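A quick write-up on the structure given underneath.
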Amino acid sequence: MTSLLHNDIITLRAMEPQDVDLLYEWENDTDLWTVSNTVEPYSRHAITEYVQNSAADIYTNRQLRLMIVLNASGKTIGTVDFLNFNPIHNRAELGVLICKAYQGQGLADETMKVVNQYAACGLGLRQLYVYIPETNIASIAMAHRAGFEEVGILRHWIRSGKAYQNVVLLQKIY
113 MTSLLHNDII TLRAMEPQDV DLLYEWENDT DLWTVSNTVE PYSRHAITEY
163 VQNSAADIYT NRQLRLMIVL NASGKTIGTV DFLNFNPIHN RAELGVLICK
213 AYQGQGLADE TMKVVNQYAA CGLGLRQLYV YIPETNIASI AMAHRAGFEE
263 VGILRHWIRS GKAYQNVVLL QKIY
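The sequence shown runs 113 to 286 under the numbering used here.
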């Protein structure tokens, strides 16, 4: 059963103070910096301030971060970010992170079932879009399974070291 914020496998919830250590680890994982547009490490203090001051209001912040929790264990395994929210056009960019230890287990697919329900019915979005590096075949396949359609290729969009990578732009219309 899928509701607005959970199904039988995962739950999406607001950030809590106990998430600071996980967010600190994930935000400072340099392997993720290319896709997150990060160029410098975050301090634990900065992340603590972010969690404490986050209004969890997409209309105020133009973004919303939710934590992904496994129902069976209560373990937090990732994040969902609704970014660049545009209330006029009812759209947002989507970012999903499943921590490395839980990748390849179908949990992104379960997360996307809840994300789609929440985006359409909870947030009232007309569309979500994602940018995925062309080399990230698994994430592109997951987006397709979640109902996203490829609408373009952005050539040389992100820099990785001295090279540039193409990015696939995918969109889901509700």
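For glycine and all other residues, C-beta sits at the position ideal for the given N, C-alpha and C.
All values reported here derive from a predicted model rather than from experimental measurement.
What distance in whole Å lies between the Cβ atoms of residue 190 and residue 209, which are believed to be in contact at a cut-off of 8 angstroms? 5 angstroms
Starting from residue 205 and walking both ways along the beta strand (DSSP E), at which residues does that stretch end? 203 to 210
Residue 251, DSSP secondary structure in three states: helix
Since I believe residue 117 is in contact with residue 230 (beta carbons under 8 angstroms), could you give me their beta-carbon distance rounded to a whole number of angstroms? 6 angstroms
For residue 246, the three-state DSSP class (helix, strand or coil): coil
Start-to-end residues for the beta strand (DSSP E) that takes in residue 193: 188 to 198
Give the DSSP bridge partners of residue 124, in chain order. 180
By DSSP's criteria, residue 276 is part of a beta bridge. Which residues make up the other side? 271
Close Cβ partners of residue 195 (< 7 angstroms) along its chain, the five nearest in sequence each way excluded: 175, 204, 205, 207
Under 8 angstroms Cβ to Cβ from residue 124, same chain only, skipping five residues before and after it: list those, please. 117, 118, 178, 179, 180, 181, 192, 223, 226, 227, 230
Between residue 202 and residue 240, how many whole angstroms is the CB-CB distance? I'm expecting something under 8 angstroms. With a Cβ gap of about 10 angstroms, residue 202 and residue 240 do not count as contacting.
Can you find the residues in the same chain that come closer than 8 angstroms, C-beta to C-beta, to residue 163, ignoring five residues on each side of it along the sequence? 127, 128, 129, 131, 132, 135
Whole-angstrom Cβ separation of residue 254 and residue 275, contact assumed at under 8 angstroms? So it is not a contact: roughly 24 angstroms between Cβ atoms.
Would residue 284 pass as a contact of residue 264 if the rule is Cβ separation under 8 angstroms? no
Could you compute how far the alpha carbon of residue 173 sits from the alpha carbon of residue 157? 20 angstroms
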